[in-house]
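Undergrad: Below is a structure I'd like to ask you about.
Residue numbers (the working numbering), protein chains in the order written: chain L, 883 to 1167; chain X, 883 to 1167.
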């Protein structure tokens, strides 16, 4: 069974691992977010792709949920001595991936090709494809002006209320090779997903009014949306016919009915292998 | 007393340290070689400048004579997993300098400005100035064609006989800010040195027919020159009025007379502080 997962960072990476563990090798394709990509120290960094890659290949730091387990910061300590920015943490092993990716991008290779090659070298059975090879950047509108996503999230610790979100390059960006095939050919990622709404299952990234990781709930609230699993479901309603809720949110099932989305209630905090197996089985069923 | 040293890599760095230890802080300027610079993993690397910088600030690996003492290779191990070239050894702390320099060069800052700032941040009392901010690259002609210097030296271990040496960019390169002032204003580095030949002391990099470090003697031999201290002295004859020989080469003093160069005989293998103090005193006298 060919299954495609569209994933962001920490939570999406764990869902990808859940499906990878549940499916035969080669049956899973993960379409990764590149909207959070950034340049730091002159290096091209794809935080969400890397989190998926590190998670699927057993490299992920289990405490942080990002970066490489047991990584050191010898390079970073020296870079800070030399006056480089100190707010984005980059471990020594992690920088190797960024250096290699930066070199290859500058040499003209597509991000999707680099990502596939790295996954292959690390023996990853899952295809990982960036949503687009084109430049796509998220900007957050705040009272202090528009900030690059990582500056807003990491440097300023997501403390500025979000007045708006802008995706620079979204009009020109085209799906990377393999993205549309993984969904079913269509003339755009979103259209391709909507065409198969009945087969699309979304997994709530919000449990009991709290995000698994990151500032999602605060972003929803400051933009005037419901700060819970339903606030996210309203975004996904045109695309997904079913929505996975944690038992803690079972009371929200009626709200899903009103959105014509089928509720699937199963534990979704994916740190434990048993929970991963359960949610993977529920989604695949 | 303002003193200017024109230095290459390991041997030159030790001579710089000898003079730095012998002079009051601020009296020494080192003009560093950039002809061996290279791009590796997409990073801009200046091996000779870095060796001088690491030596003058106590960071140098005393065993290798290059790189940072106690540095690790965690980034390099991962880069090799990802298919990057494995023949140029880059430690984790060392890469931090290359990453910072690469970012700043791409942002338009001059190599001399970056180098001065790094030296200042690391508390280096000596001014270190690259000979030029322009792109200058050394190519080695071999039977297998022309090779970039570091490929010839490191990747192929200097095993290919040298048919010729070409300095790409030498015609267009202009002295970096501070270089001419450090020698005395003139319309070119070489002319500036030759104008002060009587004040210029060269230190032989060859002792007993062996280079302190590197393939110098083999290069001399394969290009048809004398493979000893005199082979080098003939290159320096128009520029330097005096030449420091190790006692092991005292018998070559007559050959120096024929070149109108004054022989200064003093131990020159500069690993030990006492030897450094002796050669610095002899040169300054």
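Glycine included, C-beta positions come from ideal geometry on N, C-alpha and C. If you're wondering where the values come from, they're calculated on a predicted model, not measured in any experiment.
For a test of the three-state rule: what should DSSP assign to residue 1155 of chain X, helix, strand or coil?
TA: In the second chain, counting from the first residue as 1, residue 1155 of chain X sits at position 273. Residue 1155 of chain X: helix per DSSP, three-state reduction.
Undergrad: So, for residue 1001 of chain L: in the same chain, excluding its five sequence neighbours on each side, which residues have a beta-carbon less than 7 angstroms away from its beta-carbon?
TA: Within the first chain, numbered from 1, the residue matching residue 1001 of chain L stands at position 119. Once the five neighbours on either side are set aside, the close Cβ partners of residue 1001 of chain L are 935 and 1010.
Undergrad: For residue 1092 of chain L, name the three-state secondary structure that DSSP assigns.
TA: Taking the first residue of the first chain as position 1, residue 1092 of chain L is located at position 210. Residue 1092 of chain L: strand per DSSP, three-state reduction.
Undergrad: May I ask you to report which of helix, strand or coil DSSP gives residue 970 of chain X?
TA: Within the second chain, the letter at position 88 stands for residue 970 of chain X. Three-state result, residue 970 of chain X: coil.
Undergrad: Looking only at its own chain, which residues have a Cβ that is under 6 angstroms from the Cβ of residue 1120 of chain X, when we skip the five neighbours before and after it?
TA: Taking the second chain and counting its residues from 1, the one referred to as residue 1120 of chain X is at position 238. Same-chain partners within the cutoff: 1076.
Undergrad: Taking the CB atoms as reference points, tell me whether residue 1122 of chain X and residue 1143 of chain X lie closer together than 9 angstroms.
TA: Counted from its first residue, the second chain places residue 1122 of chain X at position 240. Counted from its first residue, the second chain places residue 1143 of chain X at position 261. The answer is yes: Cβ separation under 9 angstroms.
Undergrad: To test your reading of the DSSP string, which unbroken alpha helix (DSSP H) runs of 4 or more residues are found completely within the segment 963 to 1010 of chain L?
TA: Listed in chain order, they are 974 to 988 and 993 to 1003.
Undergrad: Could I get the ranges of all uninterrupted beta strand (DSSP E) runs contained in the segment 919 to 968 of chain X, with 3 residues as the minimum, in chain order?
TA: With a minimum length of 3 residues, the continuous beta strand (DSSP E) runs that stay inside the segment 919 to 968 of chain X are 920 to 922 and 925 to 927.
Undergrad: To the nearest angstrom, how far is it from the Cα of residue 941 of chain L to the Cα of residue 950 of chain L?
TA: What you label residue 941 of chain L is simply residue 59 of the first chain in a count that begins at 1. What you label residue 950 of chain L is simply residue 68 of the first chain in a count that begins at 1. Rounded to whole angstroms, residue 941 of chain L to residue 950 of chain L spans 5 angstroms at the Cα level.
Undergrad: For the beta strand (DSSP E) that residue 1199 of chain L lies in, which residues bound it at each end?
TA: Since the first and last residues shown for chain L are 883 and 1167, residue 1199 of chain L lies out of range.
Undergrad: Out of X:961, X:973, X:986 and X:960, which one is the CA nearest neighbour of residue 841 of chain L?
TA: In the structure as shown, chain L begins at 883 and stops at 1167. Residue 841 of chain L is therefore absent and cannot be evaluated.
Undergrad: The alpha helix (DSSP H) with residue 1116 of chain X in it runs from where to where?
TA: Working through the second chain from its first residue, we reach residue 1116 of chain X at position 234. It spans 1111 to 1118 - the alpha helix (DSSP H) in which residue 1116 of chain X sits, taken as one unbroken run.
Undergrad: Smallest Cα separation from residue 912 of chain L: which of L:990, L:1008 and L:900?
TA: Against the first chain, residue 912 of chain L aligns to sequence position 30. The option with the nearest alpha carbon to residue 912 of chain L is L:1008.
Undergrad: Does residue 968 of chain X come within less than 9 angstroms of chain L when only Cβ atoms are used?
TA: Position 86 of the second chain holds residue 968 of chain X. Cβ-Cβ to chain L under 9 angstroms: no for residue 968 of chain X.
Undergrad: Looking at residue 938 of chain L and residue 895 of chain L, is the spacing between their C-beta atoms short of 9 angstroms?
TA: Indexing the first chain from 1 puts residue 895 of chain L at position 13. Indexing the first chain from 1 puts residue 938 of chain L at position 56. The answer is yes: Cβ separation under 9 angstroms.
Undergrad: Taking CB distances under 9 angstroms as the criterion, tell me whether residue 938 of chain L reaches chain X.
TA: Here residue 938 of chain L is taken as the residue at index 56 of the first chain, counted from 1. It does not; no Cβ of chain X falls within 9 angstroms.
Undergrad: Taking 8 angstroms as the cut-off, does the segment 964 to 982 of chain L touch the segment 925 to 935 of chain L (at least 3 CB pairs, one atom from each stretch)?
TA: Output reads yes: the segment 964 to 982 of chain L touches the segment 925 to 935 of chain L.
Undergrad: Check the Cβ-Cβ distances between residue 982 of chain L and every residue of chain X, and say whether any is below 9 angstroms.
TA: Here residue 982 of chain L corresponds to residue number 100 of the first chain, with the count starting at 1. Yes, residue 982 of chain L lies at the interface with chain X (some Cβ there is under 9 angstroms from its Cβ).
Undergrad: Within its chain, find whatever has a CB closer than 8 angstroms to the CB of residue 1081 of chain L; leave out the 5 residues flanking it on each side and keep chain order.
TA: Locating residue 1081 of chain L in the first chain gives position 199, where the first residue counts as 1. The answer, listed in chain order, is 1123.
Undergrad: Measuring CB to CB, does residue 904 of chain X end up less than 9 angstroms from residue 887 of chain X?
TA: If you number the second chain from 1, residue 904 of chain X lands on position 22. If you number the second chain from 1, residue 887 of chain X lands on position 5. Not closer than 9 angstroms, so no.
Undergrad: What does the alpha-carbon distance come out to for the pair residue 1032 of chain L and residue 1013 of chain X?
TA: Locating residue 1032 of chain L in the first chain gives position 150, where the first residue counts as 1. Locating residue 1013 of chain X in the second chain gives position 131, where the first residue counts as 1. Distance between the alpha carbons of residue 1032 of chain L and residue 1013 of chain X is about 39 angstroms.
Undergrad: List the residues of chain X that residue 1211 of chain L touches, going by C-beta distances under 8 angstroms, in chain order.
TA: The requested residue 1211 of chain L is not part of the displayed model; chain L covers only 883 to 1167.
Undergrad: Roughly how many angstroms lie between the CA atoms of residue 890 of chain L and residue 1131 of chain L, to the nearest whole one?
TA: If you number the first chain from 1, residue 890 of chain L lands on position 8. If you number the first chain from 1, residue 1131 of chain L lands on position 249. Cα to Cα, residue 890 of chain L sits roughly 21 angstroms from residue 1131 of chain L.
Undergrad: Just the chain X side, please: which residues come within less than 7 angstroms of residue 964 of chain L by C-beta, in chain order?
TA: Taking the first residue of the first chain as position 1, residue 964 of chain L is located at position 82. Those are 978, 979, 982, 1000 and 1003, listed as they occur along chain X.
Undergrad: What does residue 930 of chain L touch in chain X if you count any residue whose Cβ is under 7 angstroms from its own?
TA: Here the question's residue 930 of chain L lines up with position 48 in the first chain. Result: empty, since nearest Cβ-Cβ is about 19 angstroms, beyond 7 angstroms.
Undergrad: Just to check my reading of the structure: residue 1057 of chain X and residue 920 of chain X have Cβ atoms closer than 8 angstroms, yes? What is that Cβ distance to the nearest angstrom?
TA: If you number the second chain from 1, residue 1057 of chain X lands on position 175. If you number the second chain from 1, residue 920 of chain X lands on position 38. The pair is not a contact, with the Cβ atoms about 21 angstroms apart (cut-off 8 angstroms).
Undergrad: Can you check DSSP and say which residues form a bridge with residue 1021 of chain L?
TA: On the first chain, residue 1021 of chain L is found 139 positions in, with the first residue counted as 1. BP columns for residue 1021 of chain L point to L:1030 and L:1048.
Undergrad: For the alpha helix (DSSP H) that residue 1084 of chain X lies in, which residues bound it at each end?
TA: As a first step, residue 1084 of chain X is located in the second chain; it is residue number 202 there, counting from the start. That residue, residue 1084 of chain X, is in no alpha helix (DSSP H); its beta strand (DSSP E) goes 1083 to 1085.
Undergrad: In chain X, which residues lie with their C-beta within 9 angstroms of the C-beta of residue 1081 of chain L?
TA: Taking the first chain and counting its residues from 1, one reaches residue 1081 of chain L at position 199. Neighbours of residue 1081 of chain L on chain X: none; closest Cβ ~35 angstroms, over 9 angstroms.
Undergrad: What does residue 961 of chain L reach in chain X if we use C-beta pairs closer than 8 angstroms?
TA: As a first step, residue 961 of chain L is located in the first chain; it is residue number 79 there, counting from the start. Those within 8 angstroms of residue 961 of chain L in chain X are 978, 981 and 982.
Undergrad: At 7 angstroms on the CB atoms, spell out the chain L contacts of residue 957 of chain X, in chain order.
TA: The count along the second chain starts at 1 and reaches residue 957 of chain X at position 75. Result: 957, 974, 975, 977 and 978.
Undergrad: For residue 954 of chain L, return the contacting residues in chain X, with the cut-off set at a CB-CB distance below 8 angstroms.
TA: Sequence index remark: in the first chain, residue 954 of chain L carries index 72 (1-based). Chain X residues near residue 954 of chain L: 954, 956 and 974.
Undergrad: My understanding is that residue 965 of chain L touches residue 1016 of chain L, with C-beta atoms under 8 angstroms, so please give their C-beta distance in whole angstroms.
TA: Sequence index remark: in the first chain, residue 965 of chain L carries index 83 (1-based). Sequence index remark: in the first chain, residue 1016 of chain L carries index 134 (1-based). Not really, about 32 angstroms apart at Cβ, beyond 8 angstroms.
Undergrad: On the CB-based measure, 16 or more other CB atoms within 10 Å of its CB, does residue 969 of chain L come out buried or exposed?
TA: By one-based count along the first chain, residue 969 of chain L stands at place 87. Counting Cβ neighbours within 10 Å, residue 969 of chain L comes out exposed, since fewer than 16 surround it.
Undergrad: Cα separation between residue 1098 of chain X and residue 923 of chain L?
TA: Taking the first residue of the second chain as position 1, residue 1098 of chain X is located at position 216. Taking the first residue of the first chain as position 1, residue 923 of chain L is located at position 41. If I take the Cα positions, the gap works out to 36 angstroms.
Undergrad: Tell me where the alpha helix (DSSP H) around residue 896 of chain L begins and ends.
TA: On the first chain, position 14 is the one that residue 896 of chain L refers to. It spans 892 to 904 - the alpha helix (DSSP H) in which residue 896 of chain L sits, taken as one unbroken run.
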